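What follows is a set of notes on a single structure, which appears directly below.
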Amino acid sequence: MKIKTNILKNPHIQFIIFGIALALVPALASAGVIKSSYVTIIGGTLIYAIAALGFNILLGYSGLITLGTAGFMGLAAYISAYVTVNMKLPFEAALILAILIPTLIGILVGLVSLKIEGIYLAIATLCVSEILRKTFEELEFFTNGFSGKSASYPQLLGFLKLNKTTTYYLIVLVLIIIIMLTYNMMNGQLGRALNAMRGSEAASQAMGVNLLKYRLVAFALATIYASAAGVLYVHFIRFSYPSTWTLKLSLDFMAMVVIGGLRSIYGTVLGAFIVFAVPDMFLKEIPYFNQLSYVFNGVLIILVIMFYPNGLIYIGNDVKKLISKFKKKEDKYESRENAAG
Amino acid sequence: MSLEKMLPDNVVLEINNLSIAFGGLKAVDNLSFDIKENEVFGLIGPNGAGKTTVFNCITQFYKPNSGSILFNGNNGIVQNLLQHEVHEIINLGLVRTFQNVELIRELSIMDNVLIGAHIDFKANILQQALRLPKAVNEEKVLREEACRILSALGIHDRKDMITGGQPYGVLKKVELARALMCRPKLIILDEPAAGLNDTETIQLSNTIRHIRDEFKCSILLVEHDMRLVMDVCDRICAISFGKFLAMGTAKEIQQNKDVQAAYLGTDGDE
């Protein structure tokens, strides 16, 4: 019995269980328990969660503010669509190219980050993102301009043609792998070095942390995650418009990370659900107010920031504390009653 | 610069004719001293004497205008520190603490100490991400090492607590533990007694001696608190306005006319 609970406490096992739970969504939808449109909404949310994990590495662990995530995600989406549709290359080749090219640009931004910091870095990355977005609008042979670029569900290894449900499974698989890798990296030397860099540049340098190396690593990881998310997006939603990859999306990533919890993996996923899935799945259901669902979301974000500045993921801990407090009180009463009896 | 010149056998750090100017202000002017093995060496001076500047020159946060800083490193090779980057200094076995404790508040004490072992992790990022045996073993060995150091400093029972909100004395010890993780030959302490009360300062002088004896290293102390300096230092160097004033034991320094004048002023000043 004890061994069983120990296994359940292993974070990697927990991640796998989490993945299996997410993978049940299409089955629930086909069984009629939840609406079939939820598969698309949750799948999209998980894709955004992947990019948000990268954003968390930058903002949460390394303390670097960037507003370029949407641009990189869009670039990867367009590259993947172009390579599979126009160049007729296999999905795997598209995946590699769509991760490699944005990551190289991301590393260049990392180089810039050594010179500028804080709000200035945010503005510089925003400019990179806006340049990319403008490119998506104008470079018609590559992106098909305002009318949008379409792509198909991925075809793995040249013969395994996926449909909507199997693509959803692919998304869950990628998310869980990325969660596990992130967990390992952030709880080891790399994570501590990034934390040290955020805490104090002078101290981290004195401890032998090479700032250039770790800034570049942080930007490379964040861009790889954003690119992977972009590729999954274009092959799951099967459409990419320039209007998707705007500043609003980058700000949404920031909202996800801040609401869910800085430096928290589950928090990031939770944040993605609150920002993307909650308005579509629940708030739109409220009669008369369905047009205002995003307004509710804004109110929700303000409330979270006011009352849970560390992120909503810690609400669980607080509830536990409250329950244990309550239990203690009950115990006291009981023991008193026993003593009296 | 040639390194033909060898250091005498028991010298760890030798500073020769160090000068640095900020604009027209000569913060450090032609300063020379050396630190021997297993020695607690104090660097004192009134406010604005340039103590912290000397400190930052040694650790390469500032690049001096002239002079040399020779260090007999971990590998037994004498190095001129000026040829190294800030983050490379720790590899040679020279590590520092900070005047205003520079720890990461959100991490546990254990994690903060492990940051001191940054250079000892040899597994690359991919090995860490996939949790290959090499990375796992390294982490285990260094965690045990951190436990040993925390026990030696008497704060092992707090190792899993979050660093933010701990008492100041504990934070100072955590910083010391972090510095000790790299098995240094020389630790530079920047005003370790700042912000400590009397009892904590007495504890600190015991800790400093304890560290020197148990971890076999030299300690350079940059300090305001005269009791601490006079109590633990084997030799003291006094500077004023960036210039060398006197060098000697605690007693010699206390009786030195120039040092008294620098601290208290001379009759002629008034």
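Residue numbers (the numbering used here), protein chains in the order written: chain Y, 2 to 342; chain E, 6 to 275. For each residue, glycine too, the CB sits at the ideal point set by N, CA and C. Since we're looking at a predicted model, the values are computed, not measured.
Asked: Residues that LEU269/E bridges to, as DSSP identifies them; Found: Bridge partners of LEU269/E: none, in fact.
Asked: Buried/exposed call for PHE308/Y, threshold 16 Cβ in 10 Å; Found: exposed
Asked: Closer than 9 Å to chain E by CB, ALA197/Y; Found: yes
Asked: Within 9 Å, strictly: CB atoms of VAL45/E and THR64/E; Found: no
Asked: Beta carbon proximity, THR64/E to chain Y, threshold 9 Å; Found: yes
Asked: For GLU131/Y: DSSP bridge partner residues; Found: In DSSP, GLU131/Y forms no bridge with anything.
Asked: Identity of the residue in PHE277/Y, SER63/Y, ALA221/Y and VAL320/Y nearest SER251/Y by Cα; Found: PHE277/Y
Asked: Neighbouring residues, chain Y, relative to PHE126/E (Cβ below 7 Å); Found: GLN190
Asked: Straight-line gap, LEU226/E to GLN104/E (C-alpha atoms, nearest Å); Found: 11 Å
Asked: Bounding residues of the alpha helix (DSSP H) (the contiguous stretch that carries ARG232/E); Found: 231-237
Asked: Euclidean distance between Cα positions of ALA266/E and GLY247/E; Found: 15 Å
Asked: Inter-residue Cα distance where the pair is ALA227/Y and ALA32/E; Found: 48 Å
Asked: Same chain, Cβ closer than 7 Å to ASP230/E, neighbours up to 5 away in sequence not counted; Found: ALA198 and THR206
Asked: Between the CA atoms of LYS322/Y and LYS256/E - distance to the nearest angstrom; Found: 57 Å
Asked: Any 3 or more C-beta pairs closer than 8 Å across the segment 230-250 of chain Y and the segment 280-291 of chain Y; Found: no
Asked: For ARG222/E, the residue or residues it bridges with in DSSP; Found: Checking the sequence shown, residue 222/E turns out to be Cys, not Arg. Answer by DSSP bridge pairing: none, since CYS222/E is not bridged.
Asked: First through last residue of the alpha helix (DSSP H) which encompasses MET252/E; Found: Segment 248-253 is the beta strand (DSSP E) holding MET252/E; no alpha helix (DSSP H) there.
Asked: Interface residues of chain Y facing GLY121/E [CB-CB closer than 8 Å]; Found: MET208
Asked: Reduced DSSP category for VAL187/E - H, G, I as helix; E, B as strand; rest coil; Found: Reading off the sequence shown, one finds Cys at residue 187/E, where the question assumed Val. Reduced to three states, the DSSP call for CYS187/E is coil.
Asked: Under the three-state DSSP convention, the category LEU47/Y falls into; Found: helix
Asked: Residues near MET74/Y in its chain [Cβ-Cβ closer than 6 Å; skip 5 each side]; Found: ALA52, ALA227, ALA230 and GLY231
Asked: Bounding residues of the beta strand (DSSP E) (the contiguous stretch that carries GLY146/Y); Found: Unbroken run through GLY146/Y: none, as it is neither H nor E.
Asked: Neighbour list for GLN133/E in chain Y, Cβ cutoff strictly below 8 Å; Found: ASN185, MET186, GLY189, GLN190 and LEU191
Asked: Residue-chain proximity (GLY342/Y, chain E), Cβ-Cβ < 9 Å; Found: Only weak support is given to the placement of GLY342/Y: the predicted model assigns it a pLDDT of 45, under 50, and the question is left unresolved by the model.
Asked: Of the residues GLY28/E, ASN15/E and LYS41/E, the one placed nearest CYS238/E, counting alpha carbons only; Found: LYS41/E
Asked: Status (buried if at least 16 other CB within 10 Å, exposed otherwise) for ALA190/Y; Found: A small fix is needed here, since residue 190/Y is Gln in this sequence, not Ala. Per the 10 Å Cβ criterion, buried.
Asked: Listed by chain order, chain E residues near ALA24/Y by CB distance under 8 Å; Found: Those do not exist, as ALA24/Y stays about 23 Å from chain E at its closest Cβ, beyond 8 Å.
Asked: CA-to-CA distance, GLY81/E to ILE95/E, given in whole angstroms; Found: 15 Å
Asked: ALA151/E vs LYS164/E beta-carbon contact at 9 Å; Found: yes
Asked: N- and C-terminal bounds of the beta strand (DSSP E) containing LEU48/E; Found: 45-49
Asked: Same chain, Cβ closer than 8 Å to GLY342/Y, neighbours up to 5 away in sequence not counted; Found: A caution first: GLY342/Y carries a pLDDT of 45, below 50, which makes its placement in the model too unreliable to give a value.
Asked: Exposure label - GLU144/E; buried when at least 16 CB within 10 Å; Found: buried
Asked: Within 7 Å of chain E by C-beta, residues of the segment 56-86 of chain Y in sequence order; Found: none
Asked: Contiguous alpha helix (DSSP H) assignments of at least 4 residues, all confined to the segment 9-85 of chain Y; Found: 12-24, 26-31, 38-57 and 70-82
Asked: Alpha helix (DSSP H) segment containing VAL279/Y, residue limits; Found: 279-282
Asked: Beta-carbon separation (whole angstroms), MET198/Y vs LEU60/Y, contact threshold 8 Å; Found: At roughly 13 Å, the Cβ-Cβ gap does not stay under 8 Å, so MET198/Y and LEU60/Y are not in contact.
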